[in-house]
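A.B. asks: Throughout, the numbering used here is defined as the position within the sequence shown, counted from one, plus 294. Each residue gets a CB set at the ideal place from its N, CA and C atoms; glycine is no exception. Every value quoted in this text rests on a predicted model; they were computed, and no experiment measured them. My questions will all concern the structure given below.
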Amino acid sequence: MRFLSLLLLVIAVAVLGVVSASALAGYTLDWWTVDGGGATSSMNGSYSLGGTIGQPDAGTSTGGTYALSGGFWGGGAAQVYNLSLPLILR
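Next comes the structure, spelled out in structure tokens:
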């Protein structure tokens with residue numbers, strides 16, 4: 295019983311250390327934005343003009359090795375992968 299209690303204490307301290315280290319790294323994820331909508335508002339031949347008001351998080355946000363594209367106007371197209379699957383007939 296004493297061994298089990300000591301083992302649980304060691305595991306709890308290890309988990310607390312990992313959580314504290316990630317909190318000190320400064321990662322944040324805000325759950326609110328000020329958004330005003332957006333759309334293509336004017337088109338003429340091969341030109342188009344569009345805009346969005348009040349988007350502080352639009353575009354690509356980077357930090358370390360991470361990159362996140364956000365907003366109504368995404369930072370790029372989705373990657374397309376060619377995948378060949380085998381044909382299995384029974």
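Once DSSP output is grouped into helix, strand and coil, what is the label at residue 363?
C.D. replies: Locating residue 363 in the sequence shown gives position 69, where the first residue counts as 1. Strand, per DSSP.
A.B. asks: Out of curiosity, what's the CA-to-CA distance linking residue 379 and residue 357?
C.D. replies: The residue given as residue 379 occupies position 85 in the sequence shown. The residue given as residue 357 occupies position 63 in the sequence shown. When rounded, the distance between both Cα atoms is 36 Å.
A.B. asks: Taking only the alpha-carbon atoms, compute the straight-line gap between residue 359 and residue 304 and give it to the nearest angstrom.
C.D. replies: Taking the sequence shown and counting its residues from 1, the one referred to as residue 359 is at position 65. Taking the sequence shown and counting its residues from 1, the one referred to as residue 304 is at position 10. Each residue's alpha carbon lies about 31 Å from the other.
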